[in-house]
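K.L.:
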Amino acid sequence: MKLLLPLILLFVGVGAGVGAGLMTQKPVEEVSIHPCGDEEGAETKVAHKPEEEETPEDIATKEFVKMNNQFVIPVVEDEVVASLVVVSLSLEVVAGQKEAVFNREPKLRDAFLQVMFDHANLGGFSGAFTDTQILDRLRRSLMDVGQTIMGDVVTDILILDIARQDV
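Take 25 as the starting number for the sequence shown in the numbering used here and just add one per residue.
#1: Report, in whole angstroms, the separation of the C-beta atoms of Val191 and Leu166, which I expect to be a contact under 8 Å.
#2: Taking a contact to mean a Cβ-Cβ separation below 8 Å, would you say Arg112 touches Phe88 in this structure?
#3: Please report the distance separating the alpha-carbon of Thr174 from that of Asp168.
#4: In the DSSP output, which residue or residues are listed as bridge partners for Gln189?
#5: Have a look at Thr172 and Lys122 and give me their C-alpha separation to the nearest angstrom.
#6: In chain order, what residues of the same chain lie with their CB nearer than 7 Å to the CB of Gly170, ignoring the 5 residues before and after it?
#7: Is it right to say Gly120 is buried, meaning 16 or more other beta carbons lie within 10 angstroms of its own, or is it exposed?
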């Protein structure tokens, strides 16, 4: 009797784990193929996995560079600082270019701050500032400036943290 309860719990735990794994598994698409020379109307079904966004070669050719300090941007309303926004950024760069980014970091920080000041002055950090469209616009502007300074070395801008503190 002492062994019965642990065995039941073991089977329930394993069953729950398998069920959770099946529920979180990516779906496999089925594709119909009509091979040449096959009987008319006959179908062969082949499992097709959805394509990945990045191949392993793409991942191996990129590095992430976290900007050393956070950016603090004042949000001014009626000529008074209404809130402060704190942003942490990371840059996705071509592999082997981490040192080049750190060498140009003061120039990048200055340009990124200017972009964020402009964004704040246009109302980008007011209201629902974490809206996807608003953050995409900010990310695009940062990307344009990053590529202007670093060229094709910068492949993406990642907003790691963003917070607004009303004063």
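C-beta atoms are modelled at their ideal positions from N, C-alpha and C, and glycine is treated no differently.
From a predicted model like this one, the values you see are computed outputs, not experimental measurements.
P.N.:
Checking against the coordinates, here is how it stands:
#1: Taking 8 Å as the upper bound for CB-CB distance, Val191 and Leu166 are not in contact here, some 25 Å apart.
#2: Here residue 112 is Ser; the residue named in the question, Arg, does not match the sequence. No; because the gap between Cβ atoms is not below 8 Å, this pair is not in contact.
#3: The question names Thr, but residue 174 is Met in the sequence shown. Distance between the alpha carbons of Met174 and Asp168 is about 10 Å.
#4: According to DSSP, Gln189 bridges with Leu108.
#5: 17 Å
#6: The beta carbon of Gly170 lies closer than 7 Å to those of Leu115, Leu132, Val178 and Ile181 in the same chain, with the five residues before and after it left out.
#7: exposed
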